[in-house]
Amino acid sequence: MNKQIIIDGEVVTYRPGQTLIQAARESGIYIPHLCYQPGYHAIGSCRVCMVKVNGRWASACTTLAAEGQVIDNRTLEVDAHRKQIVQMLFVEGNHYCPYCEKSGECDLQATAYELNMQEDHFQHLYPHRSLDTSHAEVWLDRDRCILCGLCVQASAEQDNKHLFTLGGRGTATQLLVNSSSGQLGETNISAADEAVAVCPVGALMKKQSIYSRRSGERTYDKTPISKLEFKA
Ligand code: SF4
Ligand code: FES
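Going by our numbering, the first residue of the sequence shown is number 9, and it counts up by one from there.
Rendered as structure tokens:
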């Protein structure tokens with residue numbers, strides 16, 4: 009039997025075992041998120057989906073819906089908190105949206121717009137990260153990687169290739185490629201792999217797809233990320 013929670017004053021039904029983000033999505037309610045994607049296990053790494061559950065912070069992608077929950081999602085306080093998290097993601101990597109090939113198609117950029125982020129606020133770390141263009145079809149630009157782990161899951165579970173892992177600690181954490189040289193060119197990755205498709209930013213990209221749509225015609229030029237998820 010369906011049960012109920014309240015999200016921003018709206019009654020939302022859920023099935024036992026569903027997380028808050030799953031229940032919200034089924035009711036057409038957008039909870040901002042980056043490392044969660046439908047069909048993937050939630051790993052709760054980005055913290056963009058933080059909500060307040062009965063006054064306490066919780067990540068919507070890893071918290072199970074339960075009777076009696078009253079959730080603040082798109083309140084000024086919660087969105088301000090999320091905006092700070094997104095600002096931190098921007099300064100932790102090297103993101104240059106105006107000339108990024110994923111601009112207009114990037115979930116990080118679109119989420120920043122959704123949260124009305126006007127500036128980066130925090131001091132940039134400008135980390136040294138490597139670019140791997142060794143493969144004919146796919147490149148990996150670690151400057152843009154937000155370490156969401158989606159490609160790790162996709163490559164292992166959907167592509168059956170196990171090409172990626174996250175290695176290192178703290179600010180030195182980076183996406184590693186499973187080949188003897190650590191280069192993509194030595195792997196059997198393909199532009200059609202789900203690991204490439206699922207990357208929410210411009211880190212893993214098909215070489216053939218870059219700048220394929222003009223500014224004004226790109227996915228998020230037309231529809232904000234909060235509405236796009238619920239398009240048929
Ligand atoms: Fe996530 Fe993309 Fe980085 Fe993989 S390459 S961890 S999908 S941001
Ligand atoms: Fe929940 Fe990233 S979407 S922590």
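A virtual CB, placed ideally from N, CA and C, is assigned to each residue, including glycine.
How would you label residue i, buried or exposed, when you count the other beta carbons within 10 angstroms and need 16 or more for buried?
{"i": "H129", "result": "exposed"}
{"i": "W65", "result": "exposed"}
{"i": "E34", "result": "exposed"}
{"i": "I218", "result": "exposed"}
{"i": "A118", "result": "buried"}
{"i": "A240", "result": "Note that A240 scores a pLDDT of 47, beneath 50, so its modelled location is shaky; the value from the coordinates is reported in the next line. When all chains shown are included, A240 counts as exposed."}
{"i": "L155", "result": "buried"}
{"i": "A144", "result": "exposed"}
{"i": "P106", "result": "exposed"}
{"i": "V61", "result": "buried"}
{"i": "Q30", "result": "buried"}
{"i": "L133", "result": "exposed"}
{"i": "T179", "result": "exposed"}
{"i": "Q12", "result": "exposed"}
Does DSSP put residue i in a helix, in a strand, or in coil?
{"i": "S234", "result": "helix"}
{"i": "Y104", "result": "coil"}
{"i": "A240", "result": "A caution first: A240 carries a pLDDT of 47, below 50, which makes its placement in the model unreliable, though a value can still be read off. Coil."}
{"i": "T119", "result": "helix"}
{"i": "L139", "result": "strand"}
{"i": "E34", "result": "helix"}
{"i": "V99", "result": "helix"}
{"i": "K169", "result": "coil"}
{"i": "G193", "result": "helix"}
{"i": "C159", "result": "helix"}
{"i": "I1", "result": "In the structure displayed, the chain extends from 9 to 240; residue 1 sits before or after that span and is not available."}
{"i": "E113", "result": "coil"}
{"i": "V206", "result": "coil"}
{"i": "A164", "result": "helix"}
Spell out the partners DSSP gives residue i in its beta bridges.
{"i": "V86", "result": "Partner(s): none; V86 has no beta bridge."}
{"i": "Q182", "result": "G175"}
{"i": "A66", "result": "V59"}
{"i": "M213", "result": "W147"}
{"i": "E225", "result": "Bridge partners of E225: none, in fact."}
{"i": "E18", "result": "I15"}
{"i": "T27", "result": "L72"}
{"i": "D80", "result": "K60"}
Following a CB-centred definition, is residue i positioned closer than 7 Å to any heavy atom of ligand 4?
{"i": "G178", "result": "In terms of ligand content, the structure shown lacks ligand 4 and carries ligand 1 and ligand 2 instead."}
Does any CB atom of chain D fall closer than 8 Å to the CB of residue i?
{"i": "C108", "result": "Absence of chain D from the displayed structure is noted, only one protein chain being present."}
Practice problem: Pair every Cβ in the region 134-143 with every Cβ in the region 180-198, then say whether three or more of these pairs are closer than 8 Å. | Solution: yes
Quiz prompt | Stretch-stretch touch, CB-based, cutoff 8 Å, three pairs: the region 47-56 with the region 78-95 | solution = yes
Exercise. Indicate whether the contact test is met: 3 or more Cβ pairs, each with one atom in the region 165-177 and one in the region 115-122, closer than 8 Å.
Key: no
Exercise. Could you say if the region 193-202 and the region 219-235 meet the contact criterion of at least three C-beta pairs nearer than 8 Å?
Key: no
Quiz item: Hey, is the region 98-105 in contact with the region 29-46, meaning 3+ C-beta pairs nearer than 8 Å?
Solution: no
Exercise. Specify whether the region 205-216 and the region 148-158 touch according to this definition: at least 3 beta carbon pairs, one from each stretch, less than 8 Å apart.
Key: yes
Exercise. Decide yes or no for the touch test of the region 39-50 against the region 157-166: beta carbon pairs closer than 8 Å, at least 3 of them.
Key: yes
Exercise. Please determine if the region 66-83 and the region 18-30 are in contact, where contact requires at least 3 C-beta pairs separated by less than 8 Å.
Key: yes
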